[in-house]
Amino acid sequence: MSEPEVEKLQVGVLGCGPISQAAHFDALAKASNAELYAICDVAQDLRSNVAAAYGPTACYGNYDEMLDDPNVQAVIIATSDPFHVPASLDAISAGKHVLCEKPAAISVREVLDLGEAVKASGLVYHVGHMKRYDAGIQSAREFVENEIGEILGFKGWYCDSTHRYQVTDAVQPKIQKSINSKRPADDPKANLARYYMLAHGSHLIDIARYLVGEIVEVDAKLTKRFGAYSWFIDTLFADGFHGHLNLTVPVRMDWHEGFEIFGENGSVIAKTYNPWLFKSTDVEIFRERDASTIKPLGADGHFYRRQVEGFAAAVFGKEPENSSKIDDAIASVRTMSAISQSVLTKRPVRVADAMGEIR
Ligand SMILES: NC(=O)c1ccc[n+]([C@@H]2O[C@H](COP(=O)([O-])OP(=O)(O)OC[C@H]3O[C@@H](n4cnc5c(N)ncnc54)[C@H](O)[C@@H]3O)[C@@H](O)[C@H]2O)c1
Numbered sequence: 012m013s014e015p016e017v018e019k020l021q022v023g024v025l026g027c028g029p030i031s032q033a034a035h036f037d038a039l040a041k042a043s044n045a046e047l048y049a050i051c052d053v054a055q056d057l058r059s060n061v062a063a064a065y066g067p068t069a070c071y072g073n074y075d076e077m078l079d080d081p082n083v084q085a086v087i088i089a090t091s092d093p094f095h096v097p098a099s100l101d102a103i104s105a106g107k108h109v110l111c112e113k114p115a116a117i118s119v120r121e122v123l124d125l126g127e128a129v130k131a132s133g134l135v136y137h138v139g140h141m142k143r144y145d146a147g148i149q150s151a152r153e154f155v156e157n158e159i160g161e162i163l164g165f166k167g168w169y170c171d172s173t174h175r176y177q178v179t180d181a182v183q184p185k186i187q188k189s190i191n192s193k194r195p196a197d198d199p200k201a202n203l204a205r206y207y208m209l210a211h212g213s214h215l216i217d218i219a220r221y222l223v224g225e226i227v228e229v230d231a232k233l234t235k236r237f238g239a240y241s242w243f244i245d246t247l248f249a250d251g252f253h254g255h256l257n258l259t260v261p262v263r264m265d266w267h268e269g270f271e272i273f274g275e276n277g278s279v280i281a282k283t284y285n286p287w288l289f290k291s292t293d294v295e296i297f298r299e300r301d302a303s304t305i306k307p308l309g310a311d312g313h314f315y316r317r318q319v320e321g322f323a324a325a326v327f328g329k330e331p332e333n334s335s336k337i338d339d340a341i342a343s344v345r346t347m348s349a350i351s352q353s354v355l356t357k358r359p360v361r362v363a364d365a366m367g368e369i370r
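Counting from 12, one number per residue, gives the positions in the sequence shown under the working numbering.
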């Protein structure tokens, strides 16, 4: 008997750069409910290489033309950060659902404008905080939801490694680059503190919020030494408990990421791997009631495929409980802004008041 036909979301990918080559094209090739329909990149050489490897139905050098294609139901925006909001707004105007890479935006002002457009459109907008699709992290969240009781404290750390490129070069497909790629006018790496906060801080903040709820206030300190950056961030969560976030880039050791949650009925200790290893977080969940620990195996570590499947499910009317939507995007950008402001003023900053630049 043949397999029943499954409706597959027809996706156009904007940007054929490293993240698309290492994650999104493979995710779409393997997704159960979505497929690559079109690609778009101004760089003709990249387009050709990707088309040869993944065989999209349509190839575009012009984003407006891809958005005009009625067969494109949704877009993945995989461009450099400053293009995320303009590209998301264009897609929404064209009536396309959006899965946009993180960070959703590079300023509070623009994420708020985006929020208005998304909410008025009724379209699905997800931001690529793909760690929410890490099965280990999801099991920690389930324990928090269902069993942990009151939370006493949270610690999260995200330390990208000096050796990250040796690891990614070893495990990713060979990444094709092009001198014809569209780049922002200002080099995003000219201000490394800002670049690291947007690239990595966005993950750290999102996972803390996903696990234990809204961050309402931050008190942040930044140390810069030998080209490395380390933020120590005291956090107050909406539920009234305190926490701590550490972002260190690059750390002089292997990738070092994880969290600890201390609760009334148990605790969680987690070690997260370099995402390019496609290995779910190791989570130890200790239950006070029987004084025992469980370690769930998240065998499927393809966070990016799971993410696009979640996105397609949302478009088809089954919004996943863990998806990162526009309000998560706004909260993430606001929290990064609050951290910047706190570093600058050396004072605690309420996230709801944060409007300033991410520096
Ligand atoms: N979630 C993750 O794990 C993860 C990991 C790495 C990168 N990222 C994010 O992915 C994003 C993209 O990263 P990258 O390194 O692939 O970027 P990149 O800038 O190297 O590549 C983007 C490509 O998009 C094309 N492009 C941009 N605007 C275009 C337009 N209007 N029309 C046609 N083509 C256009 C460029 O020509 C370029 O080839 C970044 O925001 C980054 O933060 C996420």
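All C-beta atoms in this analysis are idealised placements derived from N, C-alpha and C, irrespective of residue type, glycine included.
Just so we're clear, the structure is a prediction, and the values are computed from it rather than from any experiment.
Relative to the non-hydrogen atoms of ligand 1, the Cβ of Gly-212 never comes closer than 8 Å to any of them. Around the C-beta of Tyr-176, fewer than 16 other C-beta atoms lie within 10 Å, and the residue is accordingly described as exposed. With contact defined as three or more Cβ pairs closer than 8 Å, the segment 349-368 and the segment 128-148 are not in contact.
In this chain, the beta strand (DSSP E) harbouring Pro-261 covers 253-262. Taken through DSSP and simplified to helix, strand or coil, Arg-236 comes out as strand. Taking non-hydrogen atoms of ligand 1 into account, the C-beta of Arg-194 is found less than 8 Å away from one of them. Taking Asp-338 as the centre and dropping the five residues before and after it, the same chain places the C-beta of Gly-126 closer than 8 Å to its C-beta, in chain order. In the three-state DSSP reduction, Thr-173 falls in the coil class, being neither helix nor strand.
Per the Cβ contact rule, the segment 89-104 is not in contact with the segment 291-298 (fewer than 3 Cβ pairs under 8 Å).
For Gln-21, the beta-bridge partners assigned by DSSP are Glu-46. When rounded, the separation of the alpha-carbon atoms in Cys-70 and Asp-92 is 22 Å. In this structure Ile-369 is in contact with Arg-205, their Cβ atoms being roughly 6 Å apart against a cut-off of 8 Å. In terms of side-chain proximity, the C-beta atom of Lys-107 is found no nearer than 8 Å to any non-hydrogen atom of ligand 1. For Ser-31, the shortest separation between its Cβ and any heavy atom of ligand 1 lies below 8 Å.
In this structure, Val-326 is the residue among Val-326, Ala-33, Arg-58 and Ser-303 with its C-alpha nearest to the C-alpha of Val-83. For the set Ala-302, Ile-226 and Tyr-315, the Cα lying nearest the Cα of Val-360 is the one of Ile-226. For Pro-184, the distance from the CB to the nearest heavy atom of ligand 1 is not below 8 Å. Beta-bridge partners of Val-138 (DSSP): Cys-111. Within the segment 275-360, the complete alpha helix (DSSP H) segments of 4 residues or longer fall at 314-326 and 337-356, listed in chain order. The beta carbon of His-95 sits closer than 8 Å to at least one heavy atom of ligand 1. Arg-358 has its alpha-carbon roughly 43 Å from the corresponding atom of Ala-38.
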